[in-house]
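Sequential numbering from 9 applies to the sequence shown in the working numbering.
From the three backbone atoms N, C-alpha and C, an ideal C-beta is built for every residue, glycine too.
Keep in mind that this is a model prediction, so the values were computed, not measured.
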Amino acid sequence: MIISKIERQKKDKQRYSLYVDDQFLLGINEAVLIHFALHKGQEVTDEYLAKIKEAEYHQKIYTKAIHYISYGLRTIKEMRDYLAKIPALNAEELRSEADKEGSDEVAQIDESLISDIIERLLRQQYLNDLIYGQSYVRTSALLNRKGPTLIQNELVKKGL
Numbered sequence: 009m010i011i012s013k014i015e016r017q018k019k020d021k022q023r024y025s026l027y028v029d030d031q032f033l034l035g036i037n038e039a040v041l042i043h044f045a046l047h048k049g050q051e052v053t054d055e056y057l058a059k060i061k062e063a064e065y066h067q068k069i070y071t072k073a074i075h076y077i078s079y080g081l082r083t084i085k086e087m088r089d090y091l092a093k094i095p096a097l098n099a100e101e102l103r104s105e106a107d108k109e110g111s112d113e114v115a116q117i118d119e120s121l122i123s124d125i126i127e128r129l130l131r132q133q134y135l136n137d138l139i140y141g142q143s144y145v146r147t148s149a150l151l152n153r154k155g156p157t158l159i160q161n162e163l164v165k166k167g168l
């Protein structure tokens with residue numbers, strides 16, 4: 009199979025449509041396109057396409073995590089809970105790949121993917137429980153006039 013066309017999508021400029029043998033295959037993020045160094049005329053195998061689809065799935069989940077953080081600071085526990093609630097994107101595609109290999113890879117992917125994303129967010133310093141805790145205590149005590157016991161109970165609920 010040969011990549012026949014890579015076209016930038018009109019509504020989201022960071023996503024591209026990937027065509028294989030003049031048939032639309034999938035939309036991929038710019039980061040995935042660069043990571044795999046995809047280009048027109050490149051020959052790809054089914055295994056390579058499966059890796060691209062999996063990388064795209066991971067990128068979608070990571071993008072959702074970044075979007076969730078954009079509304080305000082989050083704790084690691086809050087992020088883990090949020091990511092656990094996200095329905096499996098492309099579950100049928102991933103399942104069909106797992107069925108070919110005869111494994112239960114789909115069931116195991118979610119927890120390892122959540123851990124990978126949280127580690128990536130920690131490295132990039134988007135998640136930091138210490139800074140979150142300090143900010144929350146300062147805000148609750150000064151603006152909301154909450155007492156130490158109430159603040160402590162709320163921090164425990166948030167996983168701190």
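query                                                                                                                : result
Residues of its chain near E51, where Cβ-Cβ distance is below 6 Å and the 5 sequence neighbours each way are ignored : I10
Cβ-based burial, L5 [other Cβ within 10 Å; buried from 16]                                                           : The question about residue 5 has no answer here: the residues shown for the chain are numbered 9 through 168.
Pick from V40, A58, Q160, R153 that is closest to T71, judged by C-alpha positions                                   : V40
Rounded separation between R153 and E64 - CA only                                                                    : 45 Å
N-terminal and C-terminal residue of the beta strand (DSSP E) that G35 is part of                                    : 31 to 37
Closest by C-alpha distance to R146, when choosing among Q160, S25, D124                                             : Q160
Test item: CB-CB of I14 and L46 under 8 Å                                                                            : yes
Boundaries (first-last residue) of the alpha helix (DSSP H) holding R169                                             : Because the chain here runs from 9 to 168, residue 169 falls outside it and cannot be looked at.
Cα-Cα separation between Y140 and A149, rounded to whole angstroms                                                   : 14 Å
Buried or exposed (CB count within 10 angstroms, at least 16 for buried), E86                                        : buried
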